[in-house]
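In full-length UniProt numbering, the protein residues as written are 1 to 134.
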(Lines of atoms letter the chains of each structure in order from A and count residues from 1; the text may use other names and numbers.)
(Lines give C-alpha, C1' and ligand atoms only; values in the text may rest on other atoms or scores of the structure.)
Protein backbone atom coordinates (compact mmCIF):
# COMPACT_ATOMS: atom_id res chain seq x y z
CA UNK A 1 0.00 0.00 0.00
CA UNK A 2 1.41 3.38 -0.88
CA UNK A 3 -0.68 6.41 0.12
CA UNK A 4 -2.41 6.31 3.50
CA UNK A 5 -6.24 6.06 3.36
CA UNK A 6 -6.53 8.89 5.93
CA UNK A 7 -5.81 11.32 3.05
CA UNK A 8 -2.84 12.93 4.80
CA UNK A 9 -0.87 12.51 1.58
CA UNK A 10 1.80 10.52 3.45
CA UNK A 11 2.84 6.94 2.82
CA UNK A 12 0.82 4.38 4.81
CA UNK A 13 3.89 2.94 6.56
CA UNK A 14 5.03 6.34 7.83
CA UNK A 15 1.52 7.55 8.65
CA UNK A 16 -1.25 5.39 10.15
CA UNK A 17 0.56 2.13 9.44
CA UNK A 18 2.91 2.95 12.34
CA UNK A 19 0.05 2.62 14.81
CA UNK A 20 -2.39 0.06 13.40
CA UNK A 21 -2.04 -3.58 14.41
CA UNK A 22 -4.06 -6.64 13.54
CA UNK A 23 -3.82 -8.54 16.83
CA UNK A 24 -3.70 -7.69 20.53
CA UNK A 25 -0.21 -9.21 20.69
CA UNK A 26 1.06 -6.26 18.63
CA UNK A 27 -0.27 -3.65 21.08
CA UNK A 28 3.02 -3.22 22.95
CA UNK A 29 5.19 -3.34 19.80
CA UNK A 30 3.47 -0.47 18.01
CA UNK A 31 3.83 3.16 19.13
CA UNK A 32 0.79 4.99 20.46
CA UNK A 33 -0.70 7.95 18.61
CA UNK A 34 0.70 11.15 20.10
CA UNK A 35 -2.33 13.36 19.42
CA UNK A 36 -6.10 12.95 19.11
CA UNK A 37 -5.79 13.75 15.39
CA UNK A 38 -3.25 10.95 14.84
CA UNK A 39 -5.58 8.54 16.62
CA UNK A 40 -8.58 9.76 14.61
CA UNK A 41 -6.73 9.32 11.33
CA UNK A 42 -5.49 5.85 12.27
CA UNK A 43 -8.97 4.75 13.34
CA UNK A 44 -10.46 6.05 10.06
CA UNK A 45 -7.79 4.06 8.22
CA UNK A 46 -8.61 0.93 10.24
CA UNK A 47 -12.29 1.28 9.31
CA UNK A 48 -11.43 1.97 5.66
CA UNK A 49 -9.21 -1.10 5.37
CA UNK A 50 -11.33 -3.46 7.48
CA UNK A 51 -10.03 -6.41 9.52
CA UNK A 52 -8.54 -4.21 12.26
CA UNK A 53 -11.15 -4.75 14.96
CA UNK A 54 -8.55 -5.49 17.63
CA UNK A 55 -6.93 -2.11 16.99
CA UNK A 56 -10.25 -0.26 17.04
CA UNK A 57 -11.27 -1.93 20.29
CA UNK A 58 -7.86 -1.37 21.92
CA UNK A 59 -8.04 2.36 21.12
CA UNK A 60 -11.63 2.75 22.37
CA UNK A 61 -12.16 4.02 25.93
CA UNK A 62 -13.10 0.91 27.97
CA UNK A 63 -16.20 2.43 29.59
CA UNK A 64 -17.79 3.26 26.23
CA UNK A 65 -16.77 0.10 24.34
CA UNK A 66 -18.14 -2.61 26.63
CA UNK A 67 -20.84 -3.65 24.15
CA UNK A 68 -18.46 -3.95 21.15
CA UNK A 69 -16.46 -6.87 19.78
CA UNK A 70 -13.34 -6.92 17.61
CA UNK A 71 -15.13 -9.24 15.17
CA UNK A 72 -17.94 -6.73 14.72
CA UNK A 73 -15.49 -3.83 14.33
CA UNK A 74 -13.48 -5.74 11.71
CA UNK A 75 -16.44 -5.76 9.31
CA UNK A 76 -16.45 -3.10 6.60
CA UNK A 77 -19.83 -1.37 6.68
CA UNK A 78 -19.17 0.79 3.61
CA UNK A 79 -16.41 2.07 1.35
CA UNK A 80 -14.70 4.97 3.17
CA UNK A 81 -12.98 7.23 0.64
CA UNK A 82 -11.80 10.43 2.32
CA UNK A 83 -11.29 12.12 5.67
CA UNK A 84 -11.35 15.90 6.16
CA UNK A 85 -10.25 17.22 9.56
CA UNK A 86 -12.32 20.34 10.34
CA UNK A 87 -11.17 21.21 13.87
CA UNK A 88 -8.93 19.66 16.49
CA UNK A 89 -7.62 20.45 19.93
CA UNK A 90 -6.57 19.18 23.29
CA UNK A 91 -6.45 20.44 26.84
CA UNK A 92 -4.47 18.29 29.22
CA UNK A 93 -5.68 14.71 28.92
CA UNK A 94 -8.84 15.61 26.97
CA UNK A 95 -8.99 16.08 23.22
CA UNK A 96 -11.44 16.48 20.35
CA UNK A 97 -11.51 16.23 16.60
CA UNK A 98 -14.29 17.42 14.30
CA UNK A 99 -14.20 15.77 10.92
CA UNK A 100 -16.10 14.88 7.80
CA UNK A 101 -15.69 11.29 6.60
CA UNK A 102 -16.74 10.56 3.03
CA UNK A 103 -18.05 7.18 1.91
CA UNK A 104 -19.75 5.58 -1.06
CA UNK A 105 -23.37 4.52 -0.56
CA UNK A 106 -24.95 1.42 -2.12
CA UNK A 107 -25.46 3.35 -5.40
CA UNK A 108 -21.83 4.46 -5.55
CA UNK A 109 -22.66 8.07 -4.66
CA UNK A 110 -20.37 9.95 -2.27
CA UNK A 111 -21.98 10.75 1.07
CA UNK A 112 -20.64 12.61 4.11
CA UNK A 113 -20.73 11.81 7.81
CA UNK A 114 -19.77 14.60 10.22
CA UNK A 115 -18.68 13.87 13.76
CA UNK A 116 -17.13 15.63 16.72
CA UNK A 117 -15.16 12.94 18.51
CA UNK A 118 -13.87 13.17 22.06
CA UNK A 119 -10.68 11.52 23.31
CA UNK A 120 -8.99 10.85 26.65
CA UNK A 121 -5.35 10.20 27.39
CA UNK A 122 -4.38 7.71 30.07
CA UNK A 123 -0.86 6.42 30.79
CA UNK A 124 0.46 8.13 27.66
CA UNK A 125 -2.13 6.57 25.30
CA UNK A 126 -5.03 8.37 23.61
CA UNK A 127 -8.42 6.63 23.45
CA UNK A 128 -11.56 7.40 21.46
CA UNK A 129 -14.39 8.01 23.95
CA UNK A 130 -17.42 8.86 21.83
CA UNK A 131 -18.70 11.18 19.16
CA UNK A 132 -21.65 13.34 18.17
CA UNK A 133 -22.68 12.51 14.61
CA UNK A 134 -24.53 15.04 12.49
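Ideal Cβ placement from N, Cα and C applies to all residues, glycine included.
Note that the structure is a prediction, hence the values are computed from the model and not measured.
Spatial neighbours of residue i within its chain, please: C-beta separation below 7 Å, excluding the five flanking residues on both sides.
i           : result
residue 52  : 20, 22, 46 and 74
residue 82  : 7 and 102
residue 86  : 98, 99 and 100
residue 127 : 59, 60, 61, 119 and 120
Give the DSSP-derived three-state secondary structure of residue i in the structure shown.
i           : result
residue 72  : helix
residue 111 : strand
residue 44  : helix
residue 37  : helix
residue 55  : helix
residue 9   : coil
residue 131 : strand
residue 18  : helix
For residue i and residue j, I'd like the C-alpha separation in whole angstroms.
i           : j           : result
residue 12  : residue 39  : 14 Å
residue 89  : residue 96  : 6 Å
residue 14  : residue 116 : 26 Å
residue 68  : residue 121 : 20 Å
residue 110 : residue 131 : 22 Å
residue 4   : residue 119 : 22 Å
residue 91  : residue 17  : 26 Å
residue 72  : residue 44  : 16 Å
residue 84  : residue 9   : 12 Å
Please classify residue i as buried or exposed, where buried requires at least 16 neighbouring CB atoms within 10 angstroms.
i           : result
residue 104 : exposed
residue 42  : buried
residue 63  : exposed
residue 112 : exposed
residue 36  : buried
residue 108 : exposed
residue 31  : exposed
Under the assumption that residue i contacts residue j (Cβ atoms under 8 Å), give the Cβ distance between them as a whole number of angstroms.
i           : j          : result
residue 76  : residue 50 : 4 Å
residue 129 : residue 61 : 4 Å
Using a Cβ-Cβ cut-off of 8 Å (strictly less than) and excluding sequence neighbours within five positions of residue i, which residues of its own chain qualify?
i         : result
residue 2 : 11 and 12
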